[in-house]
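Input: a single structure, listed below in structure tokens.
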């Protein structure tokens, strides 16, 4: 039986859709149950907080996982990325109030000393350091859009889909950091011991628009 880690929360419904398209049983995932380990006839699902999913695979509790590429970027856990499923597409962006837009322009004021509120401290640090900017990261877990409104930060780095939440809170997208989507990943060990099972699952991905990666 294969163990698959999947994120709880808003991505769970999309995970169930992807798993079904992969030919895996997932009927119990949509049941009103608080169980965090769900067994189906051909696999077992481990339900984890999104940021914890890579650790489940890395430490051997799960063989494979569905996880957002934003989480992979942030957590930096050495996993084998098998495919971009194409599901859960959104953007990781820098957003700020209107009065700060000029500061981000090439001819504007320097960004050193910028305060950035985010759920992604590693991504924020790497991104701004690549621009030569020394910043203060305000690590938050909830609605980061509040931070600039309350003077906690100058801007935010966060996921955006429609952009309506940003607009409602007086924020504007300044720069895109990355395109985000749901990825199928596996542990290096499982790509060696369970490749026949992986190949069967990967076969169902080939008609999709997502990218298939070589696990070598």
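In the numbering used here, the protein residues as written are 2 to 217.
Just so you know, even glycine gets a beta-carbon here, dropped at the ideal spot from N, CA and C.
It should be emphasised that the depicted structure is a prediction, and the values quoted were computed from it without experimental measurement.
Cβ neighbours of residue 176 within its own chain (closer than 6 Å, five residues either side excluded): 95. Between the C-alpha atoms of residue 10 and residue 205 there is a straight-line separation of about 25 Å. Runs of the alpha helix (DSSP H) lying entirely within the region 2-84, each at least 4 residues long, are 13-22, 54-59 and 70-76 in chain order. The continuous alpha helix (DSSP H) containing residue 190 extends over residues 189-194.
Using a Cβ-Cβ distance cut-off of 8 Å, the region 147-156 and the region 179-197 are not in contact, since fewer than three pairs of beta carbons, one from each stretch, lie closer than that value. Annotation: the continuous alpha helix (DSSP H) that includes residue 102 extends over 102-105. Look at the region 126-189 and you find these whole runs of alpha helix (DSSP H), each 4 residues long or longer: 147-150 and 165-169. Beta-bridge partners of residue 95 (DSSP): 158 and 176. CA-CA distance, residue 83 to residue 65, rounds to 10 Å. Contact between residue 46 and residue 30 holds, since their C-beta atoms are separated by about 6 Å, short of 8 Å. With fewer than 16 neighbouring CB atoms inside 10 Å of its own CB, residue 32 falls in the exposed class. Within 10 angstroms of the beta-carbon of residue 135 lie fewer than 16 other beta-carbons, which makes it exposed. Under the 8 Å Cβ criterion, the region 111-130 counts as touching the region 75-82, having at least three qualifying pairs. In this structure, residue 181 and residue 93 form a Cβ contact; the two beta carbons are roughly 5 Å apart against a cut-off of 8 Å. For residue 60 and residue 99, the gap between their C-alpha atoms comes out near 44 Å. Of 21, 112 and 142, the smallest CA-CA separation from residue 131 is found for 112.
Closest in C-alpha terms to residue 195, from the list 81, 19 and 37, comes 81. Between residue 148 and residue 118, the beta carbon gap of about 3 Å places them in contact (Cβ cut-off 8 Å).
A direct Cα-Cα distance of roughly 27 Å separates residue 202 from residue 179.
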